[in-house]
Amino acid sequence: MTDLEQRITRLEDIEAIKQLKVRYSHICDDLHNPDNIASVFADDAIWESEDFGTATGHAEIRALFSKFRDMFTFSQHNMTNPIIEVDGDRATGIWYIMGPWTLAEGDKETWMA
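Residue numbers for the sequence shown, in our numbering: 1 to 113.
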């Protein structure tokens, strides 16, 4: 592969990762649809959060999103400032998130970041 082909492949990989993150956000904003969430995760994926714990694999991630569906009546995932590092067939990505959420309990509105 030429240098130009490698650079184009890297840019295409970065864009594919951004699109995956957007699909994830749309599923979250569709009331954390547990029936669709597995489509954006590998079979052995790990979903981690300081606030909500860890879920491993499709079944646990789906169960977690079922709980989210009961916790939130509205969410809007506004993802910004992506930093994506591609190294061959592996990549890491970091985004900032800021968005309004409405908690089901008490219909309380809150912002998360």
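Even glycine gets a Cβ: it sits at the ideal position worked out from N, Cα and C.
Check: Nearest to Asn36 (by Cα), restricted to the options Asp13, Glu105, Ser66; Outcome: Ser66
Check: Sub-8 angstroms separation of Met71 and Ala113 beta-carbons; Outcome: no
Check: Continuous beta strand (DSSP E) assignments of at least 3 residues falling wholly in the segment 34 to 66; Outcome: 46 to 49, 53 to 56
Check: Of the listed residues Ser39, Ile61, Val40, Ala38, nearest to Trp47 (C-alpha basis); Outcome: Ile61
Check: Segment contact, 8 angstroms Cβ cut-off, at least three pairs: the segment 52 to 59 with the segment 4 to 21; Outcome: no
Check: DSSP bridge partner residues for Val86 (one or two, in chain order); Outcome: Ala91
Check: Beta bridge counterpart(s) of Lys108 as assigned by DSSP; Outcome: Leu103
Check: For Thr9, the three-state DSSP class (helix, strand or coil); Outcome: helix
Check: Where Ser25 falls, given that 16 or more other Cβ within 10 Å makes a residue buried; Outcome: buried
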